[in-house]
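According to the numbering used here, the sequence shown is numbered sequentially starting from 18.
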Amino acid sequence: QGSAAKRPSAGQAHQHPFFWTVSKRLQFLMDLSDAVEVRDPDDALVQALNRRGATVFGASWEGRIEAELLQDLGTRRKYDFGQVCHLLRAIRNKKSHYYDLEEGVRQLLGPMPEGYVSYWASRFPLLLMEVH
Numbered sequence: 018q019g020s021a022a023k024r025p026s027a028g029q030a031h032q033h034p035f036f037w038t039v040s041k042r043l044q045f046l047m048d049l050s051d052a053v054e055v056r057d058p059d060d061a062l063v064q065a066l067n068r069r070g071a072t073v074f075g076a077s078w079e080g081r082i083e084a085e086l087l088q089d090l091g092t093r094r095k096y097d098f099g100q101v102c103h104l105l106r107a108i109r110n111k112k113s114h115y116y117d118l119e120e121g122v123r124q125l126l127g128p129m130p131e132g133y134v135s136y137w138a139s140r141f142p143l144l145l146m147e148v149h
């Protein structure tokens, strides 16, 4: 359906997040987290991202991660489990402090970057596409 002129070129299609490397996917999520961290909660981008929560995780992302990781998350910062921006921050913070984590939490998250990205993608498979 539709003409070839309306379809993306091979080069454009290759830039789609589906084709990104694991490292590029992780860097995008971290960069996005850093970008929204400095914004006001009423900022349009923050609000738009957080509206994606119902699609990404339902009412809360708390039930999609293990108790051991939840406990670790709560030691350094308070997260709102109904906010996509807070999920992004958790992903960013755990990556940034990966080697400071207890061995059990590191094993749960998997090796960097492949296992780590796989951990989050398996629990939130729509996250990357919803925030892109």
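From the three backbone atoms N, C-alpha and C, an ideal C-beta is built for every residue, glycine too. Note that this is a predicted model, so its numbers are computed, not measured.
| Item | Value |
| --- | --- |
| Beta-carbon proximity of leucine 144 to valine 39, cut-off 8 Å | no |
| Span separating the alpha-carbon of alanine 138 from that of leucine 105 | 12 Å |
| Beta-carbon separation (whole angstroms), valine 134 vs leucine 43, contact threshold 8 Å | 5 Å |
| Inter-residue CB distance, leucine 66 and valine 53 (contact presumed, cutoff 8 Å) | 6 Å |
| 6 Å CB neighbourhood of proline 151 in its chain, flanking five on each side removed | Beyond the ends of the chain as shown, which are 18 and 149, falls residue 151; an answer cannot be given. |
| DSSP three-state assignment for glycine 127, whether helix, strand or coil | coil |
| Beta-carbon spacing of isoleucine 82, arginine 140 below 8 Å | yes |
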